[in-house]
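Listed in order, the protein sequences are those of chains A and B.
Position one of the first sequence corresponds to residue 411 (the numbering used here), numbered consecutively onward.
Position one of the second sequence corresponds to residue 29 (the numbering used here), numbered consecutively onward.
Even glycine gets a Cβ: it sits at the ideal position worked out from N, Cα and C.
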Amino acid sequence: MASDSSLSEGFLTTRVDAVVNWARSNSLMPLPMGLSCCAIEMMAFAAPKYDVARFGSEAMRFSPRQADLMIVAGWVSYKMAHTIRRVWDQMADPKWCIAMGACASTGGMHRCYGVVQGCDNFLPVDVYISGCPPRPESLIHALMDIQEKVRNEYSVAQDGHFGNEMPAAAAARPKVLSSVGADAINPDGLYHQQ
Amino acid sequence: MSKKQPTTLAFRFTPADSAAGEDSNPHAKASTDVEATLEALASHFSDAVEEVIAYAGERTVRVDRARIIDVLTFLKKEQGYTYLADLGGIDRFTEDDRYEIMYNLVNMDQGKRIRVVIRVDEDSMTVPSATAVYKAANWNEREVWDMFGIRFEGHNDLRRMFMPDDFDYHPLRKEFPLLGVPGSLPLPPQTPSGGLTLDPFARAHGSIPPKSFDEPAGEDD
């Protein structure tokens, strides 16, 4: 237990990056680019059973100005590609992109003249999800990967210092799926204190 | 105790194996039995009805392309086929009369369905538009124009339905490659400064696109 005096006195040191990334990664606002049946799974992802509010991303923003994560859910036709790119360009930096499902990632079963064979032909995609359609858990996993990526970014000192590129920071989220013991994964016991 | 024999599943209709024949479809509905309409058509349009095709317990009437509007008007006014359920094109990929256009009509009062087809030769890819009889033909005819390149005379808004307006091909023709023609459909620019492509706000930028709701006047107007 913290003493009463620690709430009113003293100070805490941290990096601006750490604070900004913590805030960004836990309040990602997705723009649901729902193009076909993957959008149904995307709705389940936001709905109470899977409840993406646990990760701070329940606020779907249909306006690109208020969103920072585009979820391309479904197959992209050549006509729609121009609109998606336009919406993407209207989103403010920093922004991330998830290609949800086989169709958005590679064209999927739509191997034909009217469908773009993967939305990475015109969008910078951060995370791809396999599946047709993927389950909501897959989308949650992709969101957690995006969060991992955000937490390891340099948000303020983007250009490095003194013209030198800065080395990548250590992972902020311990890898829990590992064959070694929990002590080796999380030696400081920061995340699972008893 | 005899071993239980696996039962043979009764697939009664396997079109992949053989043609069903004229009347051998056990799933044919009574709604497709339109003998009275066929007789009326034969008596009124003895010169226009080219063939009555019997297949799988259903009848398809092939009529003269030039008389299709007369036939449709007769079926709608006299025979009660007030509902155009479908209109579509078919590429038969034959030397003569390559394309076919089919009209699926429904009589809502009697619960009857009839299919009327016309054939279109590659030399004259123009057919009269059915929009004056059935308003519902509007978008279907635009789709047939988009996919097969068959023009409909009298259609007042014959733009492409699905593909971009400046697309050079008609994708449902048999000779069109499945993966399309490389470079025929542009992708958007990869940078924000790449300029305007396929402007979704054309009117805001000075262009006045034709309205899609300028439909031809029907009988109620």
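- Residue range P546 to R561 is occupied by the alpha helix (DSSP H) that includes A:V560.
- When rounded, the separation of the alpha-carbon atoms in B:R147 and B:H183 is 19 angstroms.
- Look at the stretch 481-494 of chain A: the residues with a C-beta under 9 angstroms from a C-beta of chain B are S487, Y488, K489, A491, H492, T493 and I494.
- Where B:I96 is concerned, there is no enclosing beta strand (DSSP E), although the alpha helix (DSSP H) around it starts and stops at I96 to K105.
- Between the alpha carbons of A:H520 and A:V426 lies a distance of about 45 angstroms.
- Among the residues facing chain A, B:L213 is included, as its CB has a counterpart in that chain under 7 angstroms away.
- A Cβ-Cβ separation of about 18 angstroms leaves A:S446 out of contact with A:W498 under the 8 angstroms criterion.
- Using a 10 angstroms sphere on the CB of B:D124, the tally of other CB atoms stays under 16, which defines it as exposed.
- Shown here, B:E171 sits in a helix according to DSSP, grouped into three states.
- Rounded to whole angstroms, the Cβ separation of B:L206 and A:Y488 is 15 angstroms, and the two are not in contact under 8 angstroms.
- For A:V482 against A:A509, the beta-carbon gap comes to about 5 angstroms, under 8 angstroms, which counts as contact.
- Per DSSP, reduced to three states, the secondary structure at B:E128 is strand.
- For B:I118, the enclosing beta strand (DSSP E) starts and ends at Y111 to D119.
- By the CB criterion at 7 angstroms, A:L479 and A:W506 fall inside the cutoff.
- Of all alpha-carbon atoms in B:P216, B:T101 and B:H198, the one lying nearest the alpha-carbon of B:D119 is that of B:H198.
- Residue pairing for B:T88: DSSP places it in a beta bridge opposite B:I81 and B:R143.
- B:V148 is bridged by DSSP to B:Y127.
- DSSP places B:T154 inside the beta strand (DSSP E), whose first and last residues are T154 to P156.
- Excluding the 5 residues flanking it on each side, A:V535 has same chain C-beta neighbours closer than 7 angstroms at C507, A509 and C529, in chain order.
- DSSP links A:C529 through a beta bridge to no other residue.
- For A:F472, no Cβ of chain B is located within less than 7 angstroms of the residue's own Cβ.
- Per the DSSP secondary-structure output, A:A509 pairs in a beta bridge with A:V482 and A:Y538.
- What B:P192 touches in chain A, judged by beta-carbon distance under 8 angstroms, is Y488 and K489, going in chain order.
- Taking 9 angstroms as the Cβ-Cβ cut-off, the stretch 507-525 of chain A approaches chain B at R521, C522, Y523 and G524, given in chain order.
- P199, L206, L207, G208 and L213: these are the residues of the stretch 199-213 of chain B whose beta carbon lies less than 7 angstroms from some beta carbon of chain A, given in chain order.
- In chain order, L441, V497, Q500 and M501 place their CB closer than 7 angstroms to the CB of A:P474, counting only its own chain and leaving out the 5 sequence neighbours on each side.
- Rounded to the nearest angstrom, the Cβ distance from B:A68 to B:L112 is 19 angstroms, too far for a contact under 8 angstroms.
- At least one CB of chain B lies nearer than 7 angstroms to the CB of A:N531.
- Across the structure, A:E547 and A:T493 are spaced so that their CA atoms are roughly 28 angstroms apart.
- In terms of Cβ geometry, B:R90 and B:V145 form a close pair [threshold 7 angstroms].
- When C-alpha distances from B:D194 are compared across B:G208, B:P214, B:L103 and B:T60, the shortest belongs to B:P214.
- A direct Cα-to-Cα measurement between A:R545 and A:A463 gives close to 17 angstroms.
- Not one beta carbon of chain B lies nearer than 7 angstroms to the beta carbon of A:D427.
- Counting along the chain, the unbroken alpha helix (DSSP H) around A:E451 starts and ends at C448 to A456.
- Taking 8 angstroms as the cut-off between beta carbons, none of the residues of the stretch 439-471 of chain A comes near chain B.
- For A:D499, the nearest beta carbon of chain B is closer than 7 angstroms to its own beta carbon.
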